[in-house]
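For reference, the structure is listed below as structure tokens.
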Amino acid sequence: MSKINTSEKVAQALLDISAVGFVLDKPIRFKSGILSPVYLDNRRFPFYPEQWAEIIFAFKKIIEEKGIEFDVIAGVEAAGIPHSAALSFAMKKPSVFVRKQVKGHGTKKMVEGGDVTGKRVLLIEDHVSTGISSLAAVESLRNEGAIVEDCFAISDYGFPIVEESFGKHNAKLHSLVDFPTIVEQGIKNGKIKADQKKVMLDWMEDPKGWEKKYQG
């Protein structure tokens, strides 16, 4: 997974809009089944245009620096859509979005907005935990005839299995910032306490082991 040199700035933006939460007293369970004492709520960005602009600029920067060629930008329903739409506007590229499941009425399409057959598509997510939803979107796009090799996310937790999973699907994840960087930035400016840091990093290193200790 690639990280750009503005990762600390992105981490600070997350902290500034209170998108980083510590919930040791009431851990949350992800869709993947992982129990977590932390969460990242990137859905808050559109409410903070100054910080959101930094995110869109960072996406644009990494795409241009890497020289990635593409025809269409796709957002994953629902949290990825605001970012994909804003990025498409900024880069003057067509935009579509990928549903997580087919609706019971209407056109019953998984990909909405335009025909992606034969198009090189960049996938945009707000956050990647295990990569399950992102990779499902990759397959949905490919089923529509799209060429998908790259997925971009604002943040990820840095789980090794994620990079492995993307590799198995012949795709690459590019994150603007990973969770350890967010934690370190939070420690620097006092947003995260030392005892919280230990819990966060212990969990990130071994989520299942952390859950056993928490419940034991």
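Count the sequence shown with the numbering used here and you get residues 949 to 1164, in order.
We put the CB at the ideal spot given by N, CA and C, even for glycine.
For GLU1153, the secondary structure class from DSSP, reduced to helix, strand or coil, is helix. If you draw a 10 Å sphere on the C-beta of GLN1133, you find 16 or more other C-beta atoms in it, and that means buried.
Counting along the chain, the unbroken alpha helix (DSSP H) around ILE1010 starts and ends at 997-1014.
Closest by C-alpha distance to GLN1144, out of ALA961, VAL968, LYS957 and LEU962, is VAL968. Assignment of beta-bridge partners to TYR987 by DSSP yields GLY969. HIS1122 carries a strand assignment under DSSP once its states are collapsed to helix, strand and coil. For GLY1164, the secondary structure class from DSSP, reduced to helix, strand or coil, is coil. Around GLU1097, the same chain offers ARG1068, ASN1118, ALA1119 and LYS1120 as residues with beta carbons nearer than 8 Å, after the five sequence neighbours per side are excluded. With the rule of 3 Cβ pairs closer than 8 Å, the stretch 1081-1093 counts as touching the stretch 1038-1052. Comparing C-alpha distances from ASP1019 to each of ALA1142, ALA1038, PHE1037 and PRO1042 shows the shortest one belongs to PRO1042. Rounded to whole angstroms, the separation of the alpha carbons of ASP964 and PRO1155 is 26 Å. HIS1117 sits in coil when the DSSP states are folded into three classes, being neither helix nor strand.
For SER1036, the uninterrupted alpha helix (DSSP H) run begins and ends at 1029-1039, by DSSP. For PRO985, the number of other beta carbons within 10 angstroms of its own is at least 16, and it is reported as buried. DSSP links VAL1096 through a beta bridge to VAL1069.
Here the alpha carbon of ALA1038 sits roughly 8 Å from the alpha carbon of ILE1004. Here the C-alpha atom of GLU1092 lies approximately 48 Å from the C-alpha atom of ALA1142.
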